[in-house]
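This report concerns only the one structure given below.
Residue numbers (the numbering used here): 1 to 115.
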């Protein structure tokens, strides 16, 4: 299954979902409402965006935002819940950053075979 995600510094976008702010709240306890659990932490979307980053691979925040985008895209497509999905994730970079960051950005999403 192909799910394209636009990793903007201001918003994250997919084809079938409304854009959402590139902002996260992290918690060790499960928060009220929708959240994503990843590596022992819970994440919820925030309206306070992450400060501009030329290199989005510096920490896990854009990875987690991508997982949320994938989950929302699956929900928008009305795809039933199951344990694993084989998802192809086309990602891109601005032309000015492509040469220097393409491999690092690709490897960022291939970690542990999760996505």
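Note that the Cβ used here is the ideal one computed from N, Cα and C, for glycine as well.
State the Cα-Cα distance for the pair residue 105 and residue 57, rounded to the nearest angstrom. Counting from 1 along the chain shown, the entry for residue 105 is found at position 105. Counting from 1 along the chain shown, the entry for residue 57 is found at position 57. Their Cα atoms are separated by approximately 6 Å.
For residue 107 and residue 38, what's the separation of their Cα atoms in angstroms? Position 107 of the chain shown holds residue 107. Position 38 of the chain shown holds residue 38. If you take the alpha carbons of residue 107 and residue 38, they lie about 18 Å apart.
Quick one: what's residue 41 bridged to in DSSP? Here residue 41 refers to the residue found at position 41 of the chain shown. 38.
Among 7, 100, 71, the one whose alpha carbon lies nearest that of residue 22: In the chain shown, residue 22 corresponds to position 22, counting from 1. Among 7, 100, 71, the Cα nearest to that of residue 22 belongs to 7.
Would you grab the beta carbon distance between residue 50 and residue 70 for me? Rounded to a whole angstrom, and I think it's under 8 Å. Position 50 of the chain shown, counted from the start, is the residue given in the question as residue 50. Position 70 of the chain shown, counted from the start, is the residue given in the question as residue 70. The pair is not a contact, with the Cβ atoms about 18 Å apart (cut-off 8 Å).
Quick one: what's got a C-beta closer than 8 Å to residue 126's C-beta in the same chain, skipping five residues either side? Outside the shown range of the chain, which is 1 to 115, sits residue 126, and nothing can be said about it.
What does residue 24 pair with, by DSSP beta-bridge criteria? On the chain shown, residue 24 is found 24 positions in, with the first residue counted as 1. DSSP lists 45 as partners of residue 24.
Confirm, please, whether the CB-CB distance from residue 31 to residue 14 is below 8 Å. Reading the chain shown from its first residue, position 14 is the one you call residue 14. Reading the chain shown from its first residue, position 31 is the one you call residue 31. Their beta carbons are not under 8 Å apart, which means residue 14 does not touch residue 31 by this criterion.
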